[in-house]
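J.: From first to last, the protein sequence lines are chains H and V. So the numbering used here is basically just the index in the first sequence, starting at one, shifted up by 25. So the numbering used here is basically just the index in the second sequence, starting at one, shifted up by 25. Input: one structure, supplied below.
There are 2 protein chains.
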Amino acid sequence: VLNMNNICKSYYMGAEELEVLHNVNLKIHTGDFLSILGPSGSGKSTLMNIIGCLDVPTAGKYLLSGNDIDDLDEIELAKVRNKEIGFVFQSFQLLPRISALHNVELPLIYSGLPSPERKKLAGEILKRVGLADKIQNLPNQLSGGQQQRVAIARALVTEPSILLADEPTGALDQKTGSQVVELFEQLNREGRTIIMITHDSNIARRARRVIHILDGHLTEVEV
Amino acid sequence: VLNMNNICKSYYMGAEELEVLHNVNLKIHTGDFLSILGPSGSGKSTLMNIIGCLDVPTAGKYLLSGNDIDDLDEIELAKVRNKEIGFVFQSFQLLPRISALHNVELPLIYSGLPSPERKKLAGEILKRVGLADKIQNLPNQLSGGQQQRVAIARALVTEPSILLADEPTGALDQKTGSQVVELFEQLNREGRTIIMITHDSNIARRARRVIHILDGHLTEVEV
Ligand SMILES: Nc1ncnc2c1ncn2[C@@H]1O[C@H](COP(=O)(O)OP(=O)(O)OP(=O)(O)O)[C@@H](O)[C@H]1O
Ligand SMILES: Nc1ncnc2c1ncn2[C@@H]1O[C@H](COP(=O)(O)OP(=O)(O)OP(=O)(O)O)[C@@H](O)[C@H]1O
Ligand SMILES: [Mg+2]
Ligand SMILES: [Mg+2]
C-alpha cells in the first residue's frame, strides 16, 4: 500500500541545508504492523510526516495506494489523508478551546456525519481509551497522558485504513500504554495497517516488523 | 527542606469539584533524590505544581525552606521559585519564537547576568544535553526529544537547589534518557535536591527514594 524509493528530505535554515533522510527505501503492505525505533533526532517524525503526506520529500518517489504523490495537488493530497490515514502527533495537537469530545468529533465533521452519530462514535472511542469521565474537559483540564489519549481517539474515530502513531505511549504509564497497544493490535487484526514510532523496546516488540533508524538511514531488524 | 502536611487539591469545573490530592503528607530533605511513579491521571503533575509553588493547595500546610507558603504573597512566591527551583515541564513550555539558546538564557536575564556570561552558561548546558549544534534552532525546528532537552537545560542553567522534573525522559530514547538521568545524578552528588516524575521504572529505580501515587494518595516504597 506504501512504497518509498530513495526518499531524501532536507531542512533549510537560512543558507544552511540539513539532510535528515538519506535514500530511504521502505515498502509497507496492507495489514502490516510496523514499529520504528531510533534515537532522538534521527529522523523518525520527519519520515512519518512524509508517509502521512503532511510534508513532501526533497527527492525520491513515494507511491501511496498506487498514487504517486508527486502527481497529486494539495486538494487531492488532503483527500487521501482524511480518507485513509489517522495520525497521532508526537505533540498531540489538540485544539485548546474545545472539549475532548469536540476534538475527537472534528474529523467526522469533515466527512459530513450528522451530529448525533458523531457524538456517539466520539464518545465510544473516548471510552475505549479510558476517558469516559473526561469528555467535557478542555485540553488544559486534562493530564499529559489524558491529552495523548484524546489525540489517539481522534486518530481512530474515522476508522482509517492506515494508522500513523508518533510515540503514542510517551506520556503513558506502563499499564495504560499497554492498553493502547492492545487497541492497535485489535485494529490490526481487523486488517488495518499500523505504523508506530516508539522509544520503548517493549512496545516496539509487539509489532511484527521493526525498523531501526539512525541518522536518517533505515535498517530492518528480524523480529 | 520541604514539608507537606495533609495537602489537598481540588479542581473546579463549573459547579463540579474534583478532589485530586487527598491529605498528602510528604517530607523531602536537602540532597534527596526522589522519584514519583503512578498511572496517567493520578495527580503527579498536580502535586509537582504545588511543590514548585506554581499552584496553591486547597487545604493543608506546605513549608518550603522553613517558609509557610500561605504567608507568602505572589511576589515572594515568584522570588523563591526563581531562586531555588528549576522546573522541567511535562509539556516543555518553550517560547516558540526564540532560539534554543535564548530560551535557556531567559532565566538568567531575570537574575541580572550580563549577556556574554549568559550566552556562555546557556551554551555550555545545551552542549551537556547533546544539543551543541542546535542552539540557534527555533523550537519548531527541533525534534520532540530535542525540545525536551532544551527545557531540561533551561531548568538547570540557574543551578537551582531543587530540581523538579515532570517526566523529563518521556520523549527520549533509552540512551539519551539515561544520559539525562546521569546529569541529574551528578547534580545530586553536588548536593542538589532532585524530584523526578517518571513512567519508566528503570529511570525511577535510579533515585534513592521512590513514591507511588494512586488516585491522589501517596505510598513510599522501599528502594
Ligand atoms: N523545521 C526544521 N528545520 C530544521 N531542522 C529540523 C526541522 N525539523 C526537524 N529538524 C531536525 O531534523 C532532525 C530530525 O528531526 P525529527 O523530528 O524527525 O527527529 P525524531 O527522530 O522524531 O526525534 P525525537 O525522537 O526526538 O522526536 C533533528 O536533528 C531536528 O533538529
Ligand atoms: N485544570 C483542571 N481542571 C480539571 N481537572 C483537571 C485539571 N488539571 C488536571 N485535572 C485532572 O486532575 C487529574 C490529575 O491530573 P494530573 O495532571 O496531576 O495527572 P498526572 O498524574 O500528571 O497524569 P499524566 O501521567 O497523564 O501526566 C486528572 O484526572 C485530570 O483530568
Ligand atoms: Mg519525533
Ligand atoms: Mg502529568
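The C-beta atom is built at its ideal place from N, Cα and C for all residues, glycine as well. Small disclaimer: the values here were computed from a predicted structure and weren't measured.
Consider the Cβ of GLU245/V: report whether some Cβ of chain H lies at a distance smaller than 8 Å.
T.: On the second sequence, residue 245/V is found 220 positions in, with the first residue counted as 1. So no, GLU245/V is outside the interface.
J.: Evaluate contact between the region 193–213 of chain V and the region 222–233 of chain V, counting only Cβ atoms and requiring at least three cross-stretch pairs below 8 Å.
T.: Yes: at least three Cβ pairs fall under 8 Å.
J.: Which chain V residues sit within Cβ distance under 8 Å of ALA196/H?
T.: Stepping through the first sequence from its first residue, residue 196/H is reached at position 171. Under the 8 Å cutoff, chain V gives SER65, GLN115, GLU192, GLY195 and HIS224.
J.: Just list the residues that DSSP pairs LEU43/V with in beta bridges.
T.: As a working note, residue 43/V is residue 18 in the second sequence. LEU43/V is bridged to TYR36/V.
J.: Measure the Cβ-Cβ separation of ILE187/H and THR218/H and say whether it is below 8 Å.
T.: Translated into the one-based positions of the first sequence, residue 187/H becomes position 162. Translated into the one-based positions of the first sequence, residue 218/H becomes position 193. Cβ atoms of ILE187/H and THR218/H: closer than 8 Å.
J.: In whole angstroms, what separates the C-alpha of LEU260/V from that of LEU120/V?
T.: There is simply no residue 260/V to check, as chain V begins at 26 and stops at 248 in what is shown.
J.: Anything in chain H within Cβ reach of SER35/V, meaning under 8 Å, just list it in chain order.
T.: Working through the second sequence from its first residue, we reach residue 35/V at position 10. Per Cβ cutoff of 8 Å: no residues; SER35/V is ~13 Å from chain H at best.
J.: Looking at the unbroken beta strand (DSSP E) that takes in VAL246/V, where does it start and where does it end?
T.: Counting from one through the second sequence, the residue named residue 246/V turns up at place 221. Run containing VAL246/V: 242–246, per the beta strand (DSSP E) assignment.
J.: Tell me the DSSP secondary structure of PHE209/V in three-state form.
T.: Taking the first residue of the second sequence as position 1, residue 209/V is located at position 184. Reduced to three states, the DSSP call for PHE209/V is helix.
J.: What's the gap between the Cα of MET29/V and the Cα of GLY66/V?
T.: Mapped onto the second sequence, residue 29/V falls at position 4. Mapped onto the second sequence, residue 66/V falls at position 41. So the two alpha carbons sit approximately 21 Å from each other.
J.: Who pairs with TYR87/H in a beta bridge, going by DSSP?
T.: Residue mapping note: residue 87/H aligns to position 62 of the first sequence, counting from 1. DSSP output for TYR87/H lists MET29/H as bridge partner(s).
J.: Comparing the CB of LYS265/V with every heavy atom of ligand 1, is any distance shorter than 7 Å?
T.: Residue numbering for chain V in the displayed model covers 26 to 248; residue 265/V lies beyond these limits and cannot be assessed.
J.: Using a Cβ-Cβ distance under 8 Å, would MET38/V count as near chain H?
T.: By 1-based counting over the second sequence, the position of residue 38/V is 13. Closer than 8 Å to some Cβ of chain H, the Cβ of MET38/V qualifies, so yes.
J.: With distance defined between alpha-carbon atoms, name the residue in MET221/H, GLU149/H, ALA196/H and ILE236/H nearest to GLY77/H.
T.: What you label residue 77/H is simply residue 52 of the first sequence in a count that begins at 1. Selected option, being the one with the closest Cα: MET221/H.
J.: Determine, using beta carbons only, whether VAL49/V and ILE32/V come nearer to each other than 8 Å.
T.: Within the second sequence, numbered from 1, the residue matching residue 49/V stands at position 24. Within the second sequence, numbered from 1, the residue matching residue 32/V stands at position 7. Yes, they are a contact pair.
J.: Could you pull out every residue in the same chain whose Cβ sits closer than 7 Å to the Cβ of GLU149/H, ignoring the five residues on either side in sequence?
T.: Walking along the first sequence from the start, residue 149/H turns up at place 124. Cβ within range, chain order: n/a, list empty.
J.: Pull up the distance between the alpha-carbon of ILE236/V and that of LYS108/V, whole angstroms please.
T.: Translated into the one-based positions of the second sequence, residue 236/V becomes position 211. Translated into the one-based positions of the second sequence, residue 108/V becomes position 83. In a straight line, the C-alpha of ILE236/V is about 26 Å away from that of LYS108/V.
J.: If you measure from the beta carbon of SER168/H to each beta carbon in chain V, is any gap under 8 Å?
T.: To locate residue 168/H, count along the first sequence from 1; it is residue 143. It does: the Cβ of SER168/H has a partner Cβ on chain V nearer than 8 Å.
J.: Distance cutoff 8 Å, beta carbons only. Does THR201/H sit that close to anything in chain V?
T.: As a working note, residue 201/H is residue 176 in the first sequence. At least one chain V Cβ lies under 8 Å of THR201/H.
J.: If you reduce the DSSP assignment to three classes, tell me which class ALA190/V lands in.
T.: Walking along the second sequence from the start, residue 190/V turns up at place 165. In this structure, ALA190/V counts as strand in the three-state DSSP scheme.
J.: If the cut is a Cβ gap below 7 Å, which residues of chain V does GLN171/H touch?
T.: Numbered from 1 along the first sequence, position 146 holds the residue referred to as residue 171/H. SER65 and GLY66, listed in chain order.
J.: Does the beta carbon of SER70/H sit closer than 8 Å to a beta carbon anywhere in chain V?
T.: Looking up residue 70/H in the first sequence gives position 45. Yes, SER70/H counts as interfacial toward chain V.
J.: Closest by CA to GLY170/V, which one among THR183/V, PRO185/V, LEU181/V and VAL154/V?
T.: In the second sequence, the residue the question calls residue 170/V occupies position 145. Among THR183/V, PRO185/V, LEU181/V and VAL154/V, the Cα nearest to that of GLY170/V belongs to VAL154/V.
J.: Which residues share a DSSP beta bridge with VAL175/V?
T.: Residue numbering aside, residue 175/V sits at position 150 when the second sequence is read from its first letter. BP columns for VAL175/V are empty, so no partner.
J.: Could you tell me the distance, in whole angstroms, from the CA atom of HIS47/V to the CA atom of PRO82/V?
T.: Indexing the second sequence from 1 puts residue 47/V at position 22. Indexing the second sequence from 1 puts residue 82/V at position 57. Taking the straight line from one Cα to the other gives about 10 Å.
J.: What does the shell around ligand 3 hold, if a residue joins when its beta-carbon is under 7 Å from any heavy atom?
T.: Counting every residue whose Cβ lies closer than 7 Å to a heavy atom of ligand 3, we get LYS69/H, SER70/H, GLN115/H, ASP191/H, GLU192/H, ILE222/H, SER168/V, GLY169/V and GLY170/V.
J.: DSSP state of HIS54/V, grouped into three classes?
T.: As a first step, residue 54/V must be located in the second sequence, where it is residue number 29. In the structure shown, HIS54/V sits in coil (DSSP, three-state: anything other than H, G, I, E or B).
J.: Counting beta carbon pairs with one atom in the region 125–143 of chain H and one in the region 158–173 of chain H, are three or more of them shorter than 8 Å?
T.: Segments in contact, yes.
J.: Which same chain residues end up closer than 6 Å to LYS86/H when comparing Cβ atoms and leaving out the 5 residues on each side of it in sequence?
T.: The residue labelled residue 86/H in the question sits at position 61 within the first sequence. Same-chain partners within the cutoff: ASN30.
J.: For the alpha helix (DSSP H) that LEU131/H lies in, which residues bound it at each end?
T.: Locating residue 131/H in the first sequence gives position 106, counting from the first residue. It spans 125–135 - the alpha helix (DSSP H) in which LEU131/H sits, taken as one unbroken run.
J.: I'd like to confirm something about GLN173/V: is its beta-carbon nearer than 7 Å to some heavy atom of ligand 2, or not?
T.: Within the second sequence, numbered from 1, the residue matching residue 173/V stands at position 148. The answer is no for GLN173/V.
J.: Below 7 Å CB to CB, which residues in the same chain sit around GLU192/V once its five sequence neighbours on both sides are set aside?
T.: The residue you call residue 192/V lines up with position 167 of the second sequence. If we look at GLU192/V and ignore the five residues flanking it on each side, its Cβ neighbours are GLN115, ILE222, THR223 and HIS224.
J.: Please report the distance separating the alpha-carbon of LEU79/V from that of ARG106/H.
T.: Along the second sequence, one-based indexing puts residue 79/V at 54. Along the first sequence, one-based indexing puts residue 106/H at 81. Approximately 40 Å between the Cα atoms of the pair.
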